[in-house]
Amino acid sequence: MDIKVNGVTLHYKNIGQGQPMLLLHGNGETHHIFDKLTEKLAKAYTVYAIDSRGHGESSKVRHLSYHDMAEDIAGVIEQLGIAKPCLYGFSDGGIIGLLLASKYPHLLSKLIISGANTNPHAIKTFWRYFIRISSFFVKNPRIRLMLSEPHITQEDLNKITIPVLVLAGQRDMIYLEDTRLIAENIANSTLTILEKETHSSYVYNNDKLLSAIKEFIGFIPR
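Going by the numbering used here, the sequence shown opens with residue 96, and the numbers climb by one from there.
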């Protein structure tokens, strides 16, 4: 399915019945990373798995901004009349979720983020260097985005009032200090560091992620 918001077209998959839940992928990915997760969540939720602008089958753009991407999701929620959805965001999707919950405190019911960061320097040095080298050879707005954004402040985090589950792998590419900073500055948050996991190892078709979601938001199959 496609929907037009903020001058772009976003592609999304909609499946299931029940309380609404949005899934947001990471940088350079598409909603298909959640295919197996979507099928399982659809037993109890109406799931919207969305391709961010500049990704997948959504509109290509010359410039990317996390704030624009957050406004896109706000537009999707408004246009489709989705009432108080839960949102799970991985990596860039988690950044979008934080911005959304900070600017629109009453839009979501609950937020789950994994592998999100508040600024580019929260990415570990090796990975930041790798991204910088990649940007030299590949002129892609998705790569440039990771080097220039986000800029989420403690004040932004303090504005988030909904329950938030903050996830990260023990071996994440994001410094754990930044993950802890996120959790410490959201009043109603729970922090879970998954042992032996990397940035994405527990995200792609892994029951650890499903278990964490089930425990946090509740899960009653039809």
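Where a beta carbon is used, it is the ideal one built from N, C-alpha and C, also for glycine.
Bear in mind that the values here come from a model prediction, so they are computed numbers and not experimental data.
Sequence-distant residues of the same chain with beta carbon closer than 8 Å to residue i, five excluded per side
| i | result |
| --- | --- |
| Lys135 | Leu305 |
| Tyr107 | Met96, Asp97, Ile98, His126, Tyr143, Ala144, Ile145, Asp146, Val171 |
| Lys303 | Leu289, Glu292, Tyr297 |
| Tyr161 | Asp187, Ile190, Ile191, Leu194, Leu240, Glu244, Pro245 |
| Phe311 | Lys205, Ile207, Pro258, Leu260, Thr285 |
| Ile281 | Leu252, Asn253, Ile255, Val259, Val261 |
Closest Cα partner of residue i within the set the options
| i | options | result |
| --- | --- | --- |
| Leu202 | Tyr299, Met116, Gln112 | Met116 |
| Thr104 | Gly113, Lys179, Leu175, Asp146 | Asp146 |
| Ser296 | Tyr224, Ile128, Ser230, Arg239 | Ile128 |
| Glu152 | Gln174, Leu175, Glu124 | Glu124 |
| Lys76 | Ser160, Ile191, Ala196 | Since the displayed the chain opens at 96 and closes at 317, residue 76 lies outside it and no answer follows. |
| Gly313 | Gln114, Gly176, Glu166, Ile110 | Gln114 |
| Ala307 | Ala165, Met268, Leu132 | Leu132 |
| Glu166 | Ala137, Lys138, Gly102 | Gly102 |
Beta-bridge partners of residue i, as assigned by DSSP
| i | result |
| --- | --- |
| Leu242 | In DSSP, Leu242 forms no bridge with anything. |
| Met116 | Val142, Cys181 |
| Ala263 | Ile288 |
| Val100 | Val103 |
| Asn109 | Tyr143 |
| Ile327 | With the chain covering 96 to 317 only, the question about residue 327 has no answer from this structure. |
| Ser197 | None; Ser197 has no bridge partner. |
| Thr125 | Per DSSP, none; premise fails for Thr125. |
| Ser306 | DSSP lists no partner for Ser306. |
| Lys205 | Cys181 |
| Thr248 | In DSSP, Thr248 forms no bridge with anything. |
| Thr293 | Arg266 |
Spatial distance of residue i from residue j (CA atoms)
| i | j | result |
| --- | --- | --- |
| Glu279 | Thr285 | 9 Å |
| Lys309 | Thr141 | 14 Å |
| Asp187 | Leu119 | 8 Å |
| Arg266 | Leu289 | 9 Å |
| Thr198 | Leu182 | Thr is not the amino acid found at residue 198; the sequence shown has Lys there. Looking at the two C-alpha atoms, the distance is approximately 15 Å. |
| Phe221 | Asn300 | 26 Å |
| Gly264 | Val156 | 31 Å |
| Lys234 | Tyr224 | 16 Å |
| Thr287 | Leu262 | 5 Å |
| Leu242 | Asp163 | 17 Å |
| Gly184 | Ser209 | 7 Å |
| Ile218 | Thr274 | 11 Å |
| Met268 | Asn109 | 31 Å |
| Ser154 | Val100 | 10 Å |
| Gln174 | Gly121 | 23 Å |
| Tyr270 | Lys254 | 23 Å |
| Ile228 | Asp130 | 31 Å |
Cβ neighbours of residue i in the same chain (closer than 6 Å, five flanking residues each side left out)
| i | result |
| --- | --- |
| Gln112 | Thr141 |
| Pro258 | Lys205, Asn283 |
| Ile177 | Pro115 |
| His158 | Pro236 |
| Glu272 | none |
Own chain residues within Cβ distance below 7 Å of residue i, not counting five before or after
| i | result |
| --- | --- |
| Ala169 | Leu195, Tyr199, Leu202 |
Legend entry - Any 3 or more C-beta pairs closer than 8 Å across the segment 204-213 and the segment 243-263: yes
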